[in-house]
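What follows is a single structure, written as structure tokens, with notes after it.
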Amino acid sequence: MVNATGTASLPFSDLYASSIFQLPPKRHLKIPAAWFKRRRLSAANKLRAPPVERPIFKLLHLRSLFLANRFLQTQRTMENCSGDISGDRLTVMVTNDDGIDAPGLRALVRVLVSTNRFHVLVCAPDSEKSAVSHSVTWRNPVSAKQVEISGATAFAVSGTPADCTSLGISQVLFPSIPDLVISGINMGSNCGYHVVYSGTVGGAREAFFNGVPSVSLSYDWVGGKSNVNDFTLAAEACLPIISAVAVEIKNHNYPQNCFLNIDVPTDVVNNKGYRLTRQGKSIVKMGWRQVTSDAEGGKMLSTMTMDVSGAEAGGADFSSRQQEQLLFRREVRGGQIENDEDTDYCTLQGGYITVTPLGALSPPEIDGYSYFKEWLPIVSERYSSAL
9 MVNATGTASL PFSDLYASSI FQLPPKRHLK IPAAWFKRRR LSAANKLRAP PVERPIFKLL
69 HLRSLFLANR FLQTQRTMEN CSGDISGDRL TVMVTNDDGI DAPGLRALVR VLVSTNRFHV
129 LVCAPDSEKS AVSHSVTWRN PVSAKQVEIS GATAFAVSGT PADCTSLGIS QVLFPSIPDL
189 VISGINMGSN CGYHVVYSGT VGGAREAFFN GVPSVSLSYD WVGGKSNVND FTLAAEACLP
249 IISAVAVEIK NHNYPQNCFL NIDVPTDVVN NKGYRLTRQG KSIVKMGWRQ VTSDAEGGKM
309 LSTMTMDVSG AEAGGADFSS RQQEQLLFRR EVRGGQIEND EDTDYCTLQG GYITVTPLGA
369 LSPPEIDGYS YFKEWLPIVS ERYSSAL
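Converting from the sequence shown to our numbering requires adding 8 to each position, the first position being numbered 1.
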């Protein structure tokens, strides 16, 4: 039999029966039987083969030591990881822009609580606040009402996602600052330029502004294909990243100059794994259509897709301008899709879970910067000459 190292080896029973453990045959000496009996032990000792360090035993011994050492290292690593997370549980605050009753938020909270690794707080809008970007409430007060969510301390807030994050990390609503803020899971992807519109991303960005690590999560919901159970699957698919972020936070290794925007593909069960991406330029082009009542039209940006083949332009009836109040609704008029393979939208459509680091600054494209670097001195010179 040949072992994994390519060295011949035998079962223990065969080794015991082999010549390794046997004495060589007795020499045929013509001596009296009585003398032989008296000297049998001595003769046997003299005739015994000297001990030989067999290579096979040395290899087996070294391999046993290696396996034992690796087992102990694995045990220590598991104990350390367990201690990093569950021994002293991190406080995670969850917010969103779909509202505190949204299935995405509820699924995320259930999954986090079920791990018993996190102390979970919830501070989310009391109603849908999609596509409000990073807007905040300035002059008016906001209300907060405690609600029942199993395993978590939760409040429904009348403000925006950014308001909820700001209030939740202020130590006014909760006694301490959370270790991590997670915004989501959003119903609809947040890629490309939609990141700017997104209230989900705005909630995570507000935490980042205040020095609290944060992650925004979105699921690429498609009507007719997706169902509410997919949010649980999306939360479970993101759990390894959340756990890894928690370990980095505990070890004080998490970067302070960015936060993560994560998008989960529609077919979450068959996702192709995680892929690091950059924010692209994909966007749904919007137009306006006049309507006669609030009930007509209307669709949240977060649930729209780039498929604009069925979009209708629809003209307005300008004879209604004589009415005291005109009503208009947004509608899809087209789209801009970026095909670069390393961008978030393109990678998401390829079936990957996209992980996109984002920051607070928005540096322009290098061509734009170069253009204005030459343009501004010319304008300044002309302005000075005109004075």
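Beta carbons: idealized from backbone N, C-alpha and C, even for Gly.
Predicted model, so just to flag it, every value in this text is computed and none were measured.
Query: Note the first and the last residue of the continuous alpha helix (DSSP H) segment covering K153.; Result: Not the alpha helix (DSSP H): K153 falls in the beta strand (DSSP E), residues A152 to I157.
Query: Checking the sheet assignment: what are the DSSP bridge partners for S222?; Result: V189
Query: Starting from the C-beta of F216, find all residues in its chain whose C-beta is less than 7 Å away, skip the five residues before and the five after it, and write them out in chain order.; Result: S222, F267 and A368
Query: Taking buried to mean at least 16 other C-beta atoms within 10 Å of its own C-beta, is D96 buried or exposed?; Result: exposed
Query: Measuring CB atoms only, is the stretch 195-215 touching the stretch 286-294, in the sense that at least three cross pairs come out at less than 8 Å?; Result: yes
Query: Can you say whether F380 is buried or exposed, counting buried as having 16 or more other CB atoms within 10 angstroms of its CB?; Result: exposed
Query: Who are the near neighbours of P263 in its chain, counting only those whose CB is closer than 6 Å to its CB and skipping five residues on each side?; Result: none
Query: Give a yes or no on whether the C-beta atoms belonging to A245 and V276 are separated by under 8 Å.; Result: yes
Query: Grouping DSSP H, G and I as helix and E and B as strand, with all else coil, what is I291?; Result: strand
Query: Less than 8 Å separating the beta-carbons of V189 and D171?; Result: no
Query: Alpha carbon to alpha carbon, how far is K233 from G112?; Result: 16 Å
Query: Below 8 Å, how does it come out for the stretch 236-245 and the stretch 139-147: are there three or more Cβ pairs, yes or no?; Result: no
Query: Between the alpha carbons of S378 and P371, how many angstroms are there, rounded?; Result: 12 Å
Query: Could you give the distance in angstroms between the alpha-carbon of K137 and the alpha-carbon of E156?; Result: 21 Å
Query: Only counting the same chain, and skipping five residues up and downstream in sequence, which positions put a Cβ closer than 8 Å to that of N261?; Result: none
Query: When you compare the CB positions of D105 and G219, do they come within less than 8 Å of one another, or not?; Result: no
Query: When we look at the beta-carbon of A252 and count the other beta-carbons within 10 Å, is it buried (16 or more) or exposed?; Result: exposed
Query: When DSSP labels each residue in this structure, what does D271 get in the three-state scheme?; Result: strand
Query: If you follow the beta strand (DSSP E) that P372 is part of, which residue opens it and which one closes it?; Result: Looking at the DSSP string, P372 is not in any beta strand (DSSP E), and its letter there is neither H nor E.
Query: Since Y227 sits in a beta bridge, which residues does DSSP pair it with?; Result: M195 and V272
Query: Quick test of the definition: if touching needs 3 or more C-beta pairs under 8 Å, does the stretch 224-232 touch the stretch 174-187?; Result: no
Query: Mapping the DSSP letters down to three states, classify W383 as helix, strand or coil.; Result: helix
Query: Looking at C-alpha atoms only, which residue of A132, F239, Y282 and I257 is the closest neighbour of L356?; Result: Y282
Query: For S135, count neighbouring C-beta atoms within 10 Å of its own C-beta (all shown protein chains included) and say buried if the count is 16 or more, exposed if not.; Result: exposed
Query: Relative to the C-alpha of T103, which residue among S122, T168 and N148 is closest?; Result: T168
Query: With DSSP as the reference, identify every bridge partner of A139, one or two as the case may be.; Result: BP columns for A139 are empty, so no partner.
Query: As a quick exercise: from N347, L334, I193 and V299, pick the residue whose alpha carbon is nearest that of P273.; Result: I193
Query: With 16 as the cutoff for other CB atoms within 10 Å, does E402 come out buried or exposed?; Result: Summary: the structure shown does not reach residue 402, with the chain confined to residues 9 through 395, and so no result is reported for it.
Query: Near S388, what residues of its chain come up, given a Cβ to Cβ distance below 8 Å and the 5 sequence neighbours on each side ignored?; Result: none
Query: Between W146, G159, R147 and P133, which lies nearest to K153 when the distance is taken from Cα to Cα?; Result: P133
Query: In this structure, what does DSSP give as the bridge partners for E339?; Result: G295
Query: Which whole-angstrom value describes the C-beta separation of T99 and L129, a residue pair presumed to lie in contact below a C-beta threshold of 8 Å?; Result: 6 Å
Query: Near N279, what residues of its chain come up, given a Cβ to Cβ distance below 8 Å and the 5 sequence neighbours on each side ignored?; Result: A245, V272, P273, G359, Y360 and I361
Query: With a 10 Å radius around its C-beta and 16 neighbouring C-beta atoms as the bar for buried, classify W296 as buried or exposed.; Result: exposed
Query: Go ahead and pull the three-state DSSP assignment for Q357.; Result: helix
Query: For A164, which residues from the same chain have a beta carbon less than 6 Å from its beta carbon, with the 5 sequence-adjacent residues on both sides left out?; Result: I108, D134, K153 and V155
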